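S.K.: Residue numbers (our numbering), protein chains in the order written: chain A, 1 to 358; chain B, 1001 to 1305.
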Amino acid sequence: MRFELMPRTSVSPVARALAPVVAFIISFLIAGFVIWLMGRSPIAAFDVYVLQPLSDPWSLQELLVKATPMALIAIGLSYCFRANLWNIGAEGQYVMGAVLGGWLALNTHGTEAGFWVLPLMLTLGIIGGALYGLIPAFLKTRFGVNEILTSLMLVYVAQLALDYLVRGPWRDPKGFNFPQSVTFDPSATLPPILESGRVHYGFVFAVIAVLVTAVILGRTLFGYRLKLTGDAPRAARFAGFNSSATTMTVFAVSGGLAGLAGISEVSGQIGQLQPSISPGYGFTAITVAFLGRLNPLGILVAALVVALTFIGGESAQILLKLPLDLTQAFQGILLLCVLAADALVSYRIRLVTRGGGK
Amino acid sequence: MTTFEAILLTIVTASTPLLIAALGELVTERSGVLNLGVEGMMAMGAACSFAAAVSFDSTLVGVLAGMTAGALMAALFALAVLGFAANQVGSGLALTIFGLGLSGLIGAPFVGARRDPVAPVDIPGLSDIPYIGRLFFEQDLFVYASFALTILIALYLTRTRSGLTLRSIGENHTSANALGLPVLRVRFLAILFGGACAGLAGAYLALVYTRFWSPGMTAGRGWIALALVVFAAWRPGWLLIGAYIFGAATVLQLHAQAAQFGVPSQVLSAVPYLATILALLLLSLRHGRAVGAPGSLGTPFVPDR
Chain A
1 MRFELMPRTS VSPVARALAP VVAFIISFLI AGFVIWLMGR SPIAAFDVYV LQPLSDPWSL
61 QELLVKATPM ALIAIGLSYC FRANLWNIGA EGQYVMGAVL GGWLALNTHG TEAGFWVLPL
121 MLTLGIIGGA LYGLIPAFLK TRFGVNEILT SLMLVYVAQL ALDYLVRGPW RDPKGFNFPQ
181 SVTFDPSATL PPILESGRVH YGFVFAVIAV LVTAVILGRT LFGYRLKLTG DAPRAARFAG
241 FNSSATTMTV FAVSGGLAGL AGISEVSGQI GQLQPSISPG YGFTAITVAF LGRLNPLGIL
301 VAALVVALTF IGGESAQILL KLPLDLTQAF QGILLLCVLA ADALVSYRIR LVTRGGGK
Chain B
1001 MTTFEAILLT IVTASTPLLI AALGELVTER SGVLNLGVEG MMAMGAACSF AAAVSFDSTL
1061 VGVLAGMTAG ALMAALFALA VLGFAANQVG SGLALTIFGL GLSGLIGAPF VGARRDPVAP
1121 VDIPGLSDIP YIGRLFFEQD LFVYASFALT ILIALYLTRT RSGLTLRSIG ENHTSANALG
1181 LPVLRVRFLA ILFGGACAGL AGAYLALVYT RFWSPGMTAG RGWIALALVV FAAWRPGWLL
1241 IGAYIFGAAT VLQLHAQAAQ FGVPSQVLSA VPYLATILAL LLLSLRHGRA VGAPGSLGTP
1301 FVPDR
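1) Where do the ends of the alpha helix (DSSP H) carrying B/R1114 lie?
2) Which partner residues does A/L5 have in the DSSP bridge list?
3) Give the interface partners of B/N1087 over in chain A, defined as CB-CB distance under 9 angstroms, in chain order.
4) Given a limit of 8 angstroms on CB to CB distance, which residues of the stretch 1039-1060 of chain B reach chain A?
5) Excluding the 5 residues flanking A/L139 on each side, which residues of the same chain have their C-beta closer than 7 angstroms to its C-beta?
6) Residue range of the alpha helix (DSSP H) that A/E112 falls in?
7) Between B/S1049 and the rest of its own chain, which residues show a CB-CB distance below 7 angstroms, the 5 nearest in sequence each way excluded?
8) Should A/V266 be labelled buried (16 or more other beta-carbon atoms within 10 Å of its own) or exposed?
9) With 8 angstroms set as the bound, which would you pick, yes or no: does the beta-carbon of A/T189 sit closer than that to a beta-carbon of chain B?
10) For chain A, check one thing: does any of its Cβ atoms lie closer than 8 angstroms to the Cβ of B/S1269?
11) Using a Cβ-Cβ cut-off of less than 8 angstroms, give me the residues of the stretch 125-157 of chain A that come near chain B, in sequence order.
12) Is A/P233 helix, strand or coil by DSSP?
13) Considering only the beta carbon of each residue, do B/A1248 and B/G1024 sit closer than 8 angstroms?
14) How far does the alpha helix (DSSP H) with A/K66 in it extend, from its first residue to its last?
15) Could you tell me whether the Cβ of B/Y1204 comes closer than 8 angstroms to any Cβ of chain A?
16) Using the Cβ count rule (16 or more neighbours within 10 Å means buried), how would you classify B/V1089?
17) List, in chain order, every chain B residue whose beta-carbon is nearer than 9 angstroms to that of A/I286.
18) Measure the alpha-carbon distance for A/L260 versus A/K174 and round it to whole angstroms.
19) Is the CB-CB distance between A/G202 and A/S278 below 8 angstroms?
20) Determine the DSSP secondary structure at B/P1215, reduced to helix, strand or coil.
21) Alpha carbon to alpha carbon, how far is A/A67 from A/L320? Give it in angstroms, no decimals.
22) To the nearest whole angstrom, what separates the beta carbons of B/L1093 and B/L1018, a pair I think is in contact under 8 angstroms?
23) So the candidates are B/S1055, B/Q1139, B/L1278, B/L1157; which of them puts its Cα closest to the Cα of B/I1224?
24) On the DSSP bridge list, what partners appear for B/H1255?
25) Where A/I126 and A/G92 are concerned, what is the direct C-alpha to C-alpha distance, given to the nearest angstrom?
26) Using a beta-carbon distance below 8 angstroms, is A/W170 in contact with chain B?
27) Tell me the DSSP secondary structure of B/Q1139 in three-state form.
28) Starting from B/N1177, trace the alpha helix (DSSP H) both ways and give me its first and last residue.
29) Nearest to A/G128 by alpha carbon, out of A/T108, A/L106, A/V95?
30) Can you pull the chain A residues whose beta carbon is under 7 angstroms from the beta carbon of B/A1080, in chain order?
31) Could you work out which residue in B/G1032, B/H1287, B/L1280 is closest to B/D1164 when comparing CA atoms only?
32) What is the rounded straight-line gap between the Cα of B/S1296 and the Cα of A/L190?
33) Counting only the same chain and skipping the five closest in sequence on each side, list residues whose C-beta sits under 7 angstroms from that of B/A1053.
34) Can you confirm whether B/P1322, when its beta carbon is compared against all beta carbons of chain A, has any partner nearer than 8 angstroms?
35) Looking at chain B, is there any beta carbon in it that lies within less than 8 angstroms of the beta carbon of A/G332?
36) How many angstroms separate the CA atom of B/T1010 from the CA atom of B/V1251?
As structure tokens, this is what we get:
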């Protein structure tokens, strides 16, 4: 007796929408089991991870703050993944956006520079991320080098570059030798949306990115071209679509959005440059993109859901003494479940008994 | 022992985990499956082997635990990509994220513990050869195992029937299936083998290379192993050369940091990653697109009746 996958003749839209939800529930059950194995109560953990953050106004704001970078990055990644291109170096593009944008903030520090600093900083953030994203794209289109490995290797390089800058030339001379830059001036700080709140304008950028992407994917020739390049590359070539141009474009877009996420986080949330400016948003965004089914609105929802695991993870560390690594392990299992559930949407499982079948 | 000899010795130590992990991945990829989870399986191998070795005070138990952990992780990956025909790139990434997280959980109680060095095994006669004798024939068993594995895998792939089956499944799974070859079973075993090798490489890192556990200690070695497979054009012999070039680059970089040339340490730390990119670029320049890549690499197999 064994199982066999059979392609489905028609794919129900309900199943397509429900698959990530089912995957999420299954990963929760697995995580609950692991927590039980560790000798803690899964119910108490569920309370700390999910219910408490959702019932506390401070955590709800924190949810939006954490979801912002992941949504921005994942929206960008969805362009790549739709075209079947694997940019897994968003973490590096995020860092490079923060570095280039942060450069302006540090250079205008203490001067009477005006309102133009912030918009220029954000633009530089986008440019920094986009240029860094274009490196693997260029190596792929020009020389045929695999983009998965190059984009990932560049993450380590970007992190080392940031590390060098904040320990060396960009270190705050009055910072008691701590590896961090000066605190950004108010003119270089992304303000909160509500005066008393914590959610900064990065969230607005994320919502704009969602809306613009929805229009591009649904209503433009470029969106169609993207889908065709990913689903049927041969057909796309026959249709005269230039796959090199598509590759460069989607890497620039996803790098740019990751860079915007980086500079928004540094300028709106952290307020200075330091060796670590991300708890792995660039990698978690891959999970977010797939959990959201590469759909712009879905990604926004998925970012909020995954942000919950970050916040829950932080409070579980304090309240239940559960290590933060549990959150990362959960995110990995979640991505695995989402991908498996995706496959079940297009295939059905058939039980083949010995002698029967075929 | 001269300083020069000592440096050469550390090159062997730095290259061995890369070689072992890359050999496993090479077999997996030759069967047509791309497993990007090497880094995660390696981290799990390191954490589990160290935990077991400290708990039972036995290197052997540690090594077995590391290999088992790697194979179990690989089985999870196999369930997703073979059982559910899930996307291989995404599933491999998920495995890495999962493995890095879970290894942190498993290793946490063992932070700060240390293991004694593993005693080298002297091969009488051969270790007396001038220059290379002490370098290659007075090493720990892992090093010998890595050389043996290279030769065995090369022979297996080119000289045995089973190796031919594995390669043909990797080249074209549809034709192989039409010939009645057990595509999914062979791939499952190849994935498990790759996992066990990654676990062994992790065990080597934790038990011989550092002799302690720290989170994230694999530091991208799993990814470099993946790049090595491409660099070696999916051939075990070239893998051996590639792993030693990379091991040498890593060690020389460390010595350069210690010597303090006035170059920032971060620049030198970036060398292995930049070298990987450069190696992939040079390879593409010489041969055009991915030479020697198995035809079905990365595509899920679903029998169409």
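Yeah, the Cβ is synthetic: ideal placement off N, Cα and C, and Gly gets one too.
Here the structure is a predicted model, which is why all the values come from computation and not from measurement.
M.R.: The short version:
1) Careful: B/R1114 lies outside any alpha helix (DSSP H) and carries neither H nor E.
2) A/I349
3) F290, L339, D342, A343
4) G1040
5) Closer than 7 angstroms at the Cβ level, and outside the excluded window around A/L139, lie V145, T150.
6) Premise fails: A/E112 is in no alpha helix (DSSP H) and is neither H nor E.
7) G1062, V1063, A1065, G1066, G1202, A1203, A1206, L1207
8) buried
9) no
10) yes
11) L139, F143, G144, V145, N146, I148, L149, T150, L152, M153, L154, Y156, V157
12) helix
13) no
14) 57-82
15) no
16) buried
17) G1090, L1093, A1094, I1097
18) 29 angstroms
19) no
20) Under the three-state reduction of DSSP, B/P1215 is assigned to coil, being neither helix nor strand.
21) 24 angstroms
22) 20 angstroms between Cβ atoms; not a contact.
23) B/L1278
24) Per DSSP, none; premise fails for B/H1255.
25) Spanning the two alpha carbons is a distance of roughly 13 angstroms.
26) no
27) strand
28) 1173-1178
29) A/V95
30) L336, L339, A340
31) Position check: residue 1164 of chain B holds Leu in this sequence, whereas Asp was assumed. Considering only alpha carbons, the answer is B/G1032.
32) 48 angstroms
33) Excluding residues within five positions, the ones whose Cβ falls inside 7 angstroms are T1059, V1061, G1062, R1115, L1207.
34) With chain B running from 1001 to 1305 in the structure shown, residue 1322 of chain B is simply not present.
35) yes
36) B/T1010 and B/V1251 have their C-alpha atoms roughly 7 angstroms apart.
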